Each structure stands twice: as structure tokens, then as C-alpha cells.
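Read through the structure below, which is laid out as C-alpha cells, and then see the notes.
Protein chains in written order, with the working numbering: chain A, 1 to 375; chain B, 376 to 611; chain C, 612 to 964.
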């Protein structure tokens with residue numbers, strides 16, 4: 001009798017724990033036929049998007065381990081990467097060397113920004129997500145100060161092609177002709193007419209190996225301890241503040257590399273916009289993959305990217321078929337992106353509250369059942 | 376102590392790597408031209424049709440210049456060491472003659488000019504920096520015992536794009552300035568002005584720079600008086 | 612006397628003093644960089660009036676323990692629905708303004724109830740969820756604005772025929788309905804929108820009265836110490852819902868006041884970012900995530916809008932470039948960041964805000 005019941009419980013729990021990805025799968029199954037898009041097109045799109053976004057989404061995992069929630073501060077890493085790319089374009093560096101050079105020169109900036117973000121978040125314990133969200137905007141303002149006003153004036157830029165006609169400030173759209181797809185095409189492979197960016201996937205695989213290895217290192221274990229309970233970790237001698245800062249620094253650096261990978265795949269950089277949505281898209285994808293604020297795995301990242309981007313690509317078309325206006329589909333896309341984060345966060349918080357209540361109740365039951373125990 | 380050494384080595388290693396990437400990744404544009412080349416009085420004629428392959432890339436075919444066509448092609452490459460293969464072709468696209476040569480580029484040079492006739496004849500300067508530095512001096516010029524004085528204030532415009540303002544030497548002014556131009560054919564526009572910036576006199580000249588020349592000196596009083604030798608090679 | 616000054620300084624808090632002095636410095640510098648003080652002062656006062664009620668809307672939820680309302684757009688949407696309905700019915704003047712408010716209130720209550728029930732289920736994480744509820748609802752309404760059955764030619768797309776426009780002018784209807792009541796105009800440059808300020812004062816009074824009623828005190832109790840309140844017989848969940856409904860309704864009223872001064876109703880993605888200046892305003896005024904007073908609202912809104920107005924104009928004139936947008940981004944987000952990362956120092960112990 002009890003085994004049957006626990007099996008039901010298991011199935012129920014599976015559905016609750018994976019509610020979000022299942023919802024999205026349902027959406028995909030319903031909407032794909034409505035959108036009139038071929039399966040080949042979708043597969044090609046998904047391969048491209050996996051290559052584009054995996055690194056960035058994986059950059060989110062480490063702060064989750066350290067209990068800091070979804071790190072909107074990856075936007076800071078993205079901005080650092082873009083500054084690196086601006087210099088590389090200015091110096092006319094080409095191809096794969098340009099890619100690695102951009103990473104090397106933006107690294108110090110990414111580390112610095114990550115370190116500052118870590119300090120800020122340490123002062124806002126318990127509200128990391130909102131703080132990192134606002135931090136992203138604040139640093140965006142500073143980024144504009146540098147890129148829109150100082151470059152070409154105080155910071156010398158030799159290549160006048162990337163500078164605005166007024167003489168200073170970088171143009172809004174820069175064609176990354178120097179390194180467009182340079183990493184993607186390093187090892188060329190074509191299956192059924194679809195280009196597979198082998199080298200990019202190799203880089204992503206290296207990151208996955210790194211993350212798995214990192215979890216087992218002392219620093220990784222420290223982060224898990226901090227994530228589970230800060231006070232207990234502190235009592236065990238772990239430098240809690242420093243560990244949290246390190247988690248953010250690593251995440252920011254990975255985001256910097258991820259943004260450069262992203263941009264070399266797309267081939268154009270929108271100097272002032274490319275980084276803005278990165279935070280929201282990456283976090284939405286991770287949450288769609290079944291991750292929560294407290295727990296996120298590599299599997300969540302990949303599943304999430306595929307499901308989220310299927311929705312992204314299919315929604316406008318489906319909206320047009322369903323309601324006659326593509327515009328509705330576009331707003332629907334925005335709505336789903338944000339709603340999914342809201343739902344995922346809400347489910348997590350609800351579950352957390354339920355567990356706390358359950359624990360409280362079981363405590364009460366214990367004290368009731370033990371006669372003679374002093375109150 | 377050991378940790379500090381390892382960290383320093385790592386940082387130095389990364390810096391070296393960055394410099395290495397910069398050098399092998401930096402783009403250099405090579406203008407390959409099938410044009411007349413003069414040096415020391417010798418003249419080398421262009422060929423009817425040549426095929427040029429730079430560093431094993433896409434071969435490019437250049438005809439002899441005729442009318443408006445410049446007889447030039449633009450190729451881009453990266454890194455410091457280069458190899459160029461030139462094949463002279465006849466009307467049926469057969470190779471009559473072929474030659475290979477190597478050349479090095481200094482890292483900060485962005486544009487090069489490679490002349491085919493010169494290369495086939497091993498002439499000096501067959502490949503040179505296409506960016507020329509023009510030094511303009513507003514200093515006394517002496518010829519045949521006569522000295523022509525510098526002007527109070529001149530404005531010089533190189534190739535209708537770069538503007539230089541030069542006062543006569545003295546009071547902290549050197550009487551000289553410089554600007555960079557690209558390629559071989561240039562114009563110079565001079566305005567002689569007084570203290571109130573009214574233009575007293577103006578003149579425009581055109582001039583051609585030889586392939587091998589990278590630094591040139593123009594003397595303003597000499598130009599204004601149409602004297603020989605107003606354009607010379609600049610010596611430090 | 613010194614004691615009194617010292618007490619005032621301590622109560623005000625150093626951060627507010629520094630920002631206040633900075634604002635004063637900007638005002639003093641203004642004439643030297645050819646920025647007219649009186650125009651600037653009027654600008655600041657008008658913006659203060661526009662945002663005042665939206666910032667005031669933060670108070671109930673904070674007092675009720677639901678945190679900073681990053682989901683302000685939800686209430687704003689209720690207000691937009693009221694405004695659009697009023698324009699549809701071609702109502703003008705003060706009557707038009709009040710009818711917009713009247714129509715907005717039921718929407719505000721309905722949305723507030725749903726919102727409150729949701730927040731009760733996610734205690735502890737209200738702020739982040741509020742943020743995304745706000746965003747999703749703006750996106751959701753963007754789909755709706757295209758399809759809702761409004762027909763007035765003042766609001767519909769000109770050639771297409773269906774769906775509301777992105778920006779709807781209220782000039783023919785209730786533009787400046789409040790601002791123009793008993794305006795004080797001194798010379799060419801100084802303009803005081805008495806009506807709007809009076810209305811704001813009236814709203815503050817209503818909120819003050821509410822929090823001195825039995826329900827109001829229960830809300831505050833539920834917010835400051837839920838366990839104790841529960842033990843005293845207060846229905847914490849119900850009080851929280853009341854605070855959320857009140858916040859949402861105030862937001863609805865606030866956006867209509869904003870619109871009558873601004874001159875336009877902004878639909879679609881208009882309300883998307885509007886929570887942030889309101890949050891910044893109240894935090895700057897000294898409120899924390901757990902406690903907010905009406906004084907916080909008044910001081911904070913004035914300081915925030917003051918800095919936001921003065922900094923770009925003064926700096927632009929000093930360096931002769933138009934950097935207003937970038938400066939605004941840095942200043943407003945910097946202020947919010949600062950407030951989010953504060954620690955309150957109570958004389959004996961350090962407590963996280």
C-alpha cells in the first residue's frame with residue numbers, strides 16, 4: 001500500500017519540480033505547428049542559439065552554488081567583453097587571434113567589475129537579485145560615459161570607421177567583420193546543409209568540464225557551504241564574504257568570454273544594446289530549464305536554452321496565426337520571458353515557504369507527542 | 376613566496392601571449408600594383424596581365440593600367456612574414472614567367488604598396504610602407520646665394536584633409552610640423568596669413584612621391600617661389 | 612539649542628544630508644552656468660508633484676511587510692485603464708480627471724487583491740517576484756491594448772482602425788486639470804502648480820489617517836512583527852492583502868495625476884520602468900525595506916527629482932555637451948544602489964536595512 005502511494009508521490013513531485021520545463025514543452029508542442037516553421041529550420045536555429053548562448057547561461061551557475069541567486073551582474077561581464085572588442089576592432093586585429101586578444105584585454109576589467117559587484121552584493125545580503133539588477137543599469141551608465149563620451153576624445157581611437165560622425169563616441173552598430181564566426185568556423189563541419197560551430201561547442205564543453213571540476217575543489221565546496229547556510233559556514237572557518245565575491249568574479253569573467261563568443265557568432269555588435277537583454281535572456285533560459293534560485297545544473301542550462309529559444313522563435317509566428325497580428329506575438333514573447341521568471345521564482349518561494357511550514361508543523365507534533373518534556 | 380613567483384610568471388606569460396596575438400592578428404593592407412616604377416633613373420614597365428597570390432590566399436589578376444583603371448588590387452593579410460607569388464600571364468592565361476619573394480612587415484605599418492615590375496626586377500623598395508610622413512617646414516631656404524625668408528603664419532592642407540598651422544621659427548615655435556598621407560600622388564594647399572588670419576596669398580601644388588620614399592620634407596618659402604628642391608627626402 | 616540641532620542631524624541621517632547639500636550646491640552653481648534658478652525650481656516642484664503620489668504608494672506595502680513594491684506597474688495599469696475609459700467617454704476638466712480616478716479604483720482593487728494573494732504565498736521573496744510580476748503585466752497589457760474595445764478616434768491608430776495608440780494626448784480633456792487650479796506664477800520663470808500639490812497633500816493626509824485607524828495600526832503591526840501580530844489576534848495575511856490593495860490603488864491615482872501634468876497617457880511599454888524612480892524616491896527619503904513614513908516620501912521625492920533635474924542641466928552647461936540621459940541613468944540607479952546596500956546603524960547594534 002505505502003509503496004504505491006510513494007510512487008504516486010514521486011510522479012507528483014516530478015511534475016511539481018519540473019513544472020516550468022514541462023509547461024514550455026507543452027507550449028512548444030502546441031505552438032510549433034501553428035507557426036508554420038519547418039523542423040529543419042528549428043533545428044538549425046537551435047544549434048546556432050546553443051552555440052551562441054551556452055557559455056553565457058553556464059556563467060550563471062556558480063553564483064547559484066554560492067547561494068547568491070540569479071546573477072544579473074553578468075551584464076557587467078558582457079560590457080567588459082564589448083570594450084575589449086572595441087579595442088580589437090580599433091587595432092584592426094583579425095580572426096581567431098582577435099577573439100583571444102579581446103578576451104585577454106577585457107579580462108582585467110571583468111575581474112574589477114566582478115569584484116565591485118561582489119562587494120556591493122555583500123552589502124545587500126538577502127536582496128542580491130534586485131541589487132545586481134540595478135547594478136547592471138548603473139554600470140551601463142558608466143559604460144556609456146566611457147564608450148559614448150570618452151572614446152575618441154580622452155581615450156584615443158585610431159580607426160575612424162567605428163567612431164561617430166561627431167568625432168567622439170563609438171558608433172551604435174559595429175560590423176565585427178574582423179572576427180565574424182572566426183571561432184565558429186575554425187573547425188568547419190557541415191551536416192545536411194547546417195553549419196556546425198565545432199570549436200565553439202568545444203569551448204562550451206571545456207567550460208562544462210571546468211564547472212564539474214570546480215564543484216569538487218575546496219573553493220567550490222566552500223561556496224556550496226556558504227550557499228546552504230552562511231552562519232554555519234562562517235563558524236566552520238570559511239571566509240564567507242571573500243567566497244561570495246569570488247563567485248561573482250568568476251561569473252563575471254565567464255560572462256565576458258561568453259559575450260565575446262555570442263558577438264562573434266552574431267557578427268554585429270550593438271554597442272549600447274547587445275548587453276542589455278543578456279541578463280534577462282540567460283536567466284529566463286536557465287529557469288525554463290528547471291533551475292531554481294537555489295539549485296541550477298548544467299542540464300538545466302542546455303534544456304532551458306532549447307526550450308526558451310523555441311518559444312522565442314515560434315511565438316511571433318504563432319501569434320500571427322492565432323490573432324492575426326505579429327505584433328501580438330512579439331509582446332507575447334516579452335510577456336512569456338518575464339512571466340516565466342516570475343512563475344519560477346514564485347514556485348521556488350512557495351515551495352520554500354511550504355517546507356518551512358512543514359518543518360514548523362512537524363516540530364510542533366514532536367513536542368506534543370513527547371509527554372513530560374518541559375515546554 | 377613561491378605562489379608570488381608563479382603568479383608573476385603567469386601574468387608575464389599572458390602579456391607575452393597578448394603581444395603575440397596582437398602581432399600575428401594585426402591586419403595589413405597590401406596594395407598590389409602593376410604600374411611603372413622609377414628608381415635612380417631606371418624605369419620598369421608594367422606587364423599586360425599578372426596574377427598575384429599573397430600568402431597562399433585568393434589569387435588576384437591585375438591588368439596593365441589603362442585610362443582610368445589604376446592597375447591595382449587591394450589584398451589584406453595578417454602577421455609579420457609574407458610570401459608573394461607573381462605569375463606573368465599571356466593572352467591565353469598561360470604562365471610566361473613566375474617569381475616568388477618574401478618580405479617582412481613592421482608591426483605598426485598598416486598599408487603597404489607592392490609594385491610588380493620592381494619586384495620582378497629586384498629593385499629596392501619594391502614593397503614599402505604606403506603611409507608617408509610629410510614634414511612641412513616654414514624656415515629660410517637658400518639657393519644660388521639667395522635666401523628666401525619664412526612667413527609669419529602659414530596654413531598647409533595635405534591632400535585636402537589634414538591641416539597644419541606653422542608659425543615662423545622663434546618664440547618657442549619650431550617652424551615645422553608633420554602629417555601622414557597615404558599613397559603616391561598628393562596635393563598641397565598653402566595659405567599665407569597675417570596675425571588676424573586674413574589670407575594674403577595662397578597656392579596649390581601637386582606632387583608625386585616615389586615608392587621607396589617614406590619621409591619627405593617640403594619647404595614653404597621654396598614652394599611659394601617655385602624653386603627647385605622644395606620637395607626633398609627628410610633626413611633626421 | 613545645539614542638542615536640538617544634533618538631534619535633527621541624527622534623525623535626518625548623514626546620507627540625506629550629503630545629498631541635500633549636493634542639491635543645494637547645484638542650485639547655487641546654477642546661475643553661474645547660465646541655468647535659471649526659478650525655472651529649475653519650478654521644474655523640480657512640478658516633478659515632485661507628478662511623482663509624489665506614486666512614491667506615496669510605496670508606503671502601505673512597506674509598512675505591511677511586503678517590501679518595496681517593484682510591481683508598481685500593476686497599479687499603474689489600473690490607472691491607465693481608468694484614464695483611457697475617461698477619455699473614451701470624452702470627459703473633460705476636473706470632472707474628467709476625477710472620473711478617471713473613479714474608474715481606476717475598481718481595477719486597482721481587483722488587481723491589488725490578486726497581487727496580494729500571490730505575495731502572501733511567497734513571503735520573503737516579495738521584491739524580486741514583484742519585479743517580474745510588474746514586467747509581465749506590462750507585457751500582457753501590451754497585448755491587450757491592441758485588442759480592447761476602445762473606439763474613440765483620439766485614441767485609435769489613424770489608418771489601421773483598431774488598437775490603441777502608444778501615446779494618447781490628454782490636451783483636449785483634462786490636461787493640467789489640477790496644475791491649473793490656483794496656480795502661482797511669478798514672472799516668466801516661476802510656476803507653482805498649487806492644485807497638484809494640494810491634491811498630493813490631501814492624499815498624504817488620507818494615508819496618515821488610515822494608518823492611525825484600527826486597521827492601519829494592524830497593518831503596521833503585521834509588517835513590523837508578524838509573529839507577535841498573529842499572536843495578538845491580527846490576521847496577518849488579510850492585513851498584507853489590504854496593504855497591497857491600498858498600494859495598488861494609490862499607484863493608480865498617482866499615474867493619473869502624473870498624466871494630467873505630463874499631458875500624455877503612455878500605454879504599452881510606458882509603465883515598464885516606472886517602479887524604479889518611485890523606489891529610489893522613498894529609499895532616498897530614509898525609508899527602509901521594512902519601514903516607511905510620509906516624511907520619507909516628501910523628503911525623498913524632492914531630493915530625488917531635484918537631483919535628477921538639476922544634475923544633467925548643470926553638468927551639460929559646464930562641459931557643453933548633452934549628457935542628460937547617461938547622467939540620469941548613473942544618478943538614479945546609483946541612488947537606488949546606495950539605498951539597497953545600506954546598513955542602518957542603531958547606536959548599539961548594526962542591523963541590515
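Heads up, the beta-carbon is just placed ideally off N, CA and C, and yes, glycines get one too.
Since we're looking at a predicted model, the values are computed, not measured.
With C-beta atoms as the reference, is residue i less than 8 Å away from residue j?
{"i": "residue 403(B)", "j": "residue 493(B)", "result": "no"}
{"i": "residue 529(B)", "j": "residue 541(B)", "result": "yes"}
{"i": "residue 533(B)", "j": "residue 563(B)", "result": "yes"}
{"i": "residue 694(C)", "j": "residue 719(C)", "result": "no"}
{"i": "residue 258(A)", "j": "residue 56(A)", "result": "yes"}
{"i": "residue 96(A)", "j": "residue 186(A)", "result": "yes"}
{"i": "residue 340(A)", "j": "residue 111(A)", "result": "no"}
{"i": "residue 305(A)", "j": "residue 53(A)", "result": "yes"}
{"i": "residue 622(B)", "j": "residue 420(B)", "result": "This structure gives no information on residue 622(B), because the portion of chain B shown stretches from 376 to 611."}
{"i": "residue 293(A)", "j": "residue 347(A)", "result": "no"}
{"i": "residue 200(A)", "j": "residue 226(A)", "result": "no"}
{"i": "residue 653(C)", "j": "residue 800(C)", "result": "yes"}
{"i": "residue 352(A)", "j": "residue 64(A)", "result": "no"}
{"i": "residue 74(A)", "j": "residue 279(A)", "result": "yes"}
Looking at the unbroken alpha helix (DSSP H) that takes in residue i, where does it start and where does it end?
{"i": "residue 829(C)", "result": "825-835"}
{"i": "residue 939(C)", "result": "935-951"}
{"i": "residue 551(B)", "result": "Not the alpha helix (DSSP H): residue 551(B) falls in the beta strand (DSSP E), residues 551-557."}
{"i": "residue 441(B)", "result": "Note, residue 441(B): premise wrong, no alpha helix (DSSP H); not H, not E."}
Looking at the secondary structure, which residues open and close the beta strand (DSSP E) in which residue i lies?
{"i": "residue 577(B)", "result": "574-583"}
{"i": "residue 424(B)", "result": "424-429"}
{"i": "residue 567(B)", "result": "560-568"}
{"i": "residue 270(A)", "result": "268-270"}
{"i": "residue 459(B)", "result": "456-464"}
{"i": "residue 472(B)", "result": "470-479"}
{"i": "residue 502(B)", "result": "502-504"}
{"i": "residue 537(B)", "result": "537-542"}
Check residue i in the structure and name its three-state DSSP category.
{"i": "residue 316(B)", "result": "Outside the shown range of chain B (376 to 611) lies residue 316(B), about which nothing can therefore be said."}
{"i": "residue 222(A)", "result": "helix"}
{"i": "residue 401(B)", "result": "strand"}
{"i": "residue 594(B)", "result": "strand"}
{"i": "residue 955(C)", "result": "With a pLDDT of 46 at residue 955(C), under the threshold of 50, the modelled position of that residue is not reliable, and no figure is offered here."}
{"i": "residue 161(A)", "result": "helix"}
{"i": "residue 46(A)", "result": "helix"}
{"i": "residue 964(C)", "result": "Any reading at residue 964(C) must be qualified, since the residue scores a pLDDT of 45, below 50, and its modelled position is unreliable; the value itself is stated next. It is coil, neither helix nor strand."}
{"i": "residue 447(B)", "result": "strand"}
{"i": "residue 383(B)", "result": "helix"}
{"i": "residue 780(C)", "result": "strand"}
Determine, using beta carbons only, whether residue i comes closer than 8 Å to chain E.
{"i": "residue 94(A)", "result": "The structure shown contains no chain E; its protein chains are A, B and C."}
Any idea if residue i is buried or exposed, counting beta-carbon neighbours within 10 angstroms, 16 or more meaning buried?
{"i": "residue 670(C)", "result": "buried"}
{"i": "residue 379(B)", "result": "exposed"}
{"i": "residue 184(A)", "result": "buried"}
{"i": "residue 495(B)", "result": "buried"}
{"i": "residue 674(C)", "result": "buried"}
{"i": "residue 449(B)", "result": "exposed"}
{"i": "residue 619(C)", "result": "exposed"}
{"i": "residue 710(C)", "result": "buried"}
{"i": "residue 843(C)", "result": "exposed"}
{"i": "residue 384(B)", "result": "exposed"}
{"i": "residue 237(A)", "result": "exposed"}
{"i": "residue 30(A)", "result": "exposed"}
- request: Check distances from the C-beta atoms of the segment 10-38 of chain A to those of chain C and list, in chain order, the residues that come in under 9 Å.
  value: none
Residues of the segment 382-409 of chain B with Cβ closer than 9 Å to any Cβ of chain A, in chain order: 389, 390, 392, 393, 395, 396, 397, 398, 399, 400, 401, 402, 403 and 404
message: Please identify, using Cβ separations under 9 Å, the residues of the segment 75-89 of chain A that lie next to chain B, in order along the chain.
response: 88
task: Pull out every residue of the segment 658-672 of chain C whose Cβ sits closer than 8 Å to any Cβ of chain A, in chain order.
output: none
Residues from the segment 551-579 of chain B in contact with chain A, defined by Cβ distance under 8 Å: none
- prompt: What are the residues of the segment 140-171 of chain A that lie near chain C, defined by any Cβ-Cβ distance shorter than 7 Å?
  reply: 140, 141, 142, 144, 145, 148 and 149
- request: Determine which residues of the segment 120-138 of chain A have a Cβ less than 8 Å from any Cβ of chain C, and write them out in chain order.
  value: 120, 123, 124, 125, 126, 127, 129, 130, 131, 133, 134, 135, 137 and 138
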